[in-house]
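K.L.:
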Amino acid sequence: MKVTKSLLLGLAALSLAACNKDEETQALHNEKNATVSVVVKSEPKMRLGSDLDEAKINKLAVMIYNGEAQEAYKEEKNKAEVENIECSAGTRKLVIVANYGEKNFRGKTLQELLKTTEELAKATQEGKNLIMTCEPVSIDLKEGKNAYGWKNKAGYNILSENPLVIKRVNARMEFKTINVEMADGFKTVYNVKLKRVAALIAKKQSNIFGASLVNNDLNYLFGIKTPKGSYTPEKYTEETSLVIECADDNKNKELNGMGFYVLENNSPQHPTILCVEATLVQADGKDLTEDQKKAAKEAGWIDDNCNTYYPVLVNWEQDGYTYTTGKGLNKIERNHKYMVTLKITGPGTNNPEDHKKVANLDVKCEVAEWIVVNQNVVW
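If you count by mature numbering (1 follows the signal peptide of the UniProt record, and there is no 0), then the sequence shown holds residues -20 to -1, 1 to 359, one letter each, in order.
The following block contains the structure:
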């Protein structure tokens, strides 16, 4: 019995020594014997005009991953580069996020990081601090100094001469022009007065990493409450930043900023809509008569307040929609801008979230990454 006990104690001691040796080896292996410096490049601005805020990097975080573990983390403010990040040599993953607000990525595993989401909010529409990411990049760090994005950096192992491109999580959709050219059957009877531009069925949440950023969250946002239609989602909340006043003198001229930042959406049941709200009036600008109101309402053109709507299913393939290149892809993609040229040729609809086709509209769309998609629409 004593012999057996002695043998067991001896084996335990050997096992403990082996474990300590493994830990020492692992600690030596993970010793910080390398640094990496990274420079990034953001995409050009998306909006028309001179506002460069949306392309500005206000906060930049660089993370180095060894498998699932975050080996190094460093951030800078108001810079497009982060230098001398201490880590260890070997094959690693490099991940970068810019303009991430109050999000905290320090200490997160790679899977935790990749599950991060972003929500559409009032602050998004200011066009400042738009979150940007790139997908994880594999790098081979050598002992000593490493650099990513510099062509000439003396004494450094150059991982890539090209800066790492980070792309916005948001897309942008806006009206380039809203032209009113009533068709022969309407021009002696009707006209419209522009009132507002709104986003309808805008996805509230998306991922910030992945080939597609669309996730399973079922919440959507609207700027103007309109009657429930076949496209209307169940989980639907008003967001006041998704509506803009659009005075009638905006007709038939180049517009600036008449749109919204949105998130990826590929739902065929709930497509994202950019919509004009207008008042249907007589050709001379006077209010409709009671008989005209009754007829227009029965036709499905107006609501009780003579409001008529011109919805555009953004980047959608549909009759009356044309594109400067290619065709509509039936989805909103990150880092794209969708520039819509709208031509109104008659009354609109009183149910802009319904799938029924209203004939009095033409749409032309330009698409680009911080791609422009030019979409022409004729109503």
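The beta carbon of each residue, even a glycine, is placed where N, CA and C say it ideally should be. Quick caveat, the model's predicted, so the values are computed rather than measured.
List the DSSP bridge partners of Leu235.
P.N.:
According to DSSP, Leu235 bridges with nothing at all.
K.L.:
For the beta strand (DSSP E) containing Lys317, list its first residue and its last residue.
P.N.:
Looking at the DSSP string, the run of the beta strand (DSSP E) that includes Lys317 is 316 to 324.
K.L.:
Going by alpha carbons, who is nearest to residue 366 out of Ala178, Thr305, Ala279?
P.N.:
Residue coverage of the chain in this structure runs from -20 to 359, which leaves residue 366 outside it and unanswerable.
K.L.:
Any beta carbon from chain D within less than 8 Å of Asn84's own beta carbon?
P.N.:
Looking for chain D here will not work: only one protein chain is present.
K.L.:
Report the three-state DSSP secondary structure of Ala227 (helix, strand or coil).
P.N.:
Of the three classes helix, strand and coil, the one that applies to Ala227 here is coil, per DSSP.
K.L.:
Could you check if Pro332 is buried or exposed, using at least 16 other CB atoms within 10 Å of its CB as the buried criterion?
P.N.:
Buried, because 16 or more other Cβ atoms sit within 10 Å of the Cβ of Pro332.
K.L.:
What are the boundary residues of the beta strand (DSSP E) that includes Gln262?
P.N.:
Element bounds for Gln262: 253 to 262.
K.L.:
Does DSSP put Leu341 in a helix, a strand or coil?
P.N.:
Of the three classes helix, strand and coil, the one that applies to Leu341 here is strand, per DSSP.
K.L.:
Which value, in whole angstroms, describes the spacing of the CA atoms of residue 400 and Ala151?
P.N.:
Residue 400 lies beyond the residue range present for the chain, which begins at -20 and ends at 359; the question has no answer from this structure.
K.L.:
Hey, is the segment 287 to 294 in contact with the segment 224 to 231, meaning 3+ C-beta pairs nearer than 8 Å?
P.N.:
In short, these stretches do not touch, since the Cβ pair count stays below three.
K.L.:
Pick helix, strand or coil for Asp271, following the three-state DSSP scheme.
P.N.:
Note: Asp271 maps to helix in three-state DSSP.
K.L.:
Please name the residue, chosen from Lys317, Ile65, Glu11, Gly129, that lies closest to Gly107 on a Cα-to-Cα basis.
P.N.:
It is Lys317.
K.L.:
Quick check on Ser118: does DSSP put it in helix, strand or coil?
P.N.:
Three-state result, Ser118: strand.
K.L.:
Please determine, among Val117, Glu115, Leu100, Pro116, the residue with the shortest C-alpha to C-alpha distance to Asn109.
P.N.:
Looking at the Cα atoms, Leu100 is the closest of the given residues.
K.L.:
With C-beta atoms as the reference, is Leu121 less than 8 Å away from Ala41?
P.N.:
Contact flag unset, no.
K.L.:
Would you decide whether Thr71 is buried or exposed? Buried here means 16 or more other CB atoms lie within 10 Å of its CB.
P.N.:
Exposed, since its Cβ has fewer than 16 Cβ neighbours within 10 Å.
K.L.:
Can at least three beta-carbon pairs, one atom from the segment 162 to 173 and one from the segment 255 to 270, be found at a separation below 8 Å?
P.N.:
Yes: at least three Cβ pairs fall under 8 Å.
K.L.:
Have a look at Ile65, Val16, Val242 and flag the residue whose alpha-carbon is nearest the alpha-carbon of Asn315.
P.N.:
Of the candidates Ile65, Val16, Val242, the one whose C-alpha sits nearest the C-alpha of Asn315 is Val242.
K.L.:
Should Glu92 be labelled buried (16 or more other beta-carbon atoms within 10 Å of its own) or exposed?
P.N.:
Exposed, since its Cβ has fewer than 16 Cβ neighbours within 10 Å.
K.L.:
Need the endpoints of the alpha helix (DSSP H) that Leu94 sits in, please.
P.N.:
Where Leu94 is concerned, the enclosing alpha helix (DSSP H) stretches over 90 to 94.
K.L.:
What separation, rounded to the nearest whole angstrom, lies between the Cα atoms of Trp102 and Pro327?
P.N.:
Here the sequence assigns Lys to residue 102, which means Trp is not the residue at that position. Their backbone Cα atoms lie some 31 Å apart in a straight line.
K.L.:
Do you know offhand how far Met26's Cα is from Tyr216's?
P.N.:
Note on Met26: pLDDT 48, under 50, position unreliable in the model; the coordinate value appears next. Each residue's alpha carbon lies about 27 Å from the other.
K.L.:
Closer than 8 Å by C-beta to Gly87: which residues in its own chain qualify, once you throw out the five before and the five after it? Chain order, please.
P.N.:
For Gly87, where only same-chain residues beyond five positions count, the Cβ hits under 8 Å are Gln50, Tyr53.
K.L.:
Check whether the segment 59 to 75 touches the segment 116 to 134, taking contact to mean three or more Cβ pairs, one atom from each stretch, closer than 8 Å.
P.N.:
Segments in contact, yes.
K.L.:
Going by beta carbon distance, what residues of the same chain come within less than 8 Å of Thr157, once the five residues before and after it are set aside?
P.N.:
Cβ neighbours of Thr157 beyond the five flanking positions: Asn232, Lys233, Glu234, Leu235, Thr321, Leu322.
K.L.:
Quick check on Glu106: does DSSP put it in helix, strand or coil?
P.N.:
Three-state DSSP puts Glu106 in a helix.
K.L.:
For Ala279, count neighbouring Cβ atoms within 10 angstroms of its own Cβ and tell me buried if that reaches 16, exposed if not.
P.N.:
Looking at its Cβ environment, which holds fewer than 16 other Cβ atoms inside 10 Å, Ala279 is exposed.
K.L.:
Return the first residue and the last residue of the beta strand (DSSP E) that Gln298 is part of.
P.N.:
First-last for Gln298: undefined, no H or E at that position.
K.L.:
With hydrogens ignored, establish whether the beta-carbon of Asp271 is closer than 7 Å to any heavy atom of the ligand GTP.
P.N.:
Although the ligand GTP was asked about, the structure shown includes no ligands whatsoever.
K.L.:
Taking the beta carbon of His335 as the centre, do at least 16 other beta carbons fall within 10 Å, making it buried, or is it exposed?
P.N.:
Its Cβ having fewer than 16 others within 10 Å, His335 is exposed.
K.L.:
Can you name, in chain order, every residue of its own chain whose Cβ lies under 6 Å from the Cβ of Pro116, other than the five neighbours on each side?
P.N.:
Taken in chain order, the residues that qualify are Lys73, Val75.
K.L.:
Identify which residue in Leu90, Ile37, Ser192, Lys205 has its Cα closest to the Cα of Asn46.
P.N.:
When only C-alpha atoms are compared, the closest one is Leu90.
K.L.:
Buried or exposed, going by whether 16 or more other CB atoms sit within 10 Å of the CB of Gln249?
P.N.:
By the neighbour-count rule (16 or more Cβ atoms within 10 Å), Gln249 is not buried but exposed.
K.L.:
Please go through the same chain and pick out, in chain order, the residues whose beta-carbon is closer than 6 Å to the beta-carbon of Ala191, but skip the five residues on each side of it.
P.N.:
For Ala191, where only same-chain residues beyond five positions count, there are no Cβ hits under 6 Å.
K.L.:
By the three-class DSSP mapping on this structure, what secondary structure does Leu174 have?
P.N.:
Correct three-state label for Leu174: strand.
K.L.:
Apart from the five residues on each side of it in sequence, which residues of its chain come closer than 6 Å, Cβ to Cβ, to Glu56?
P.N.:
Excluding sequence neighbours, Glu56 sits near Leu40, Val62.
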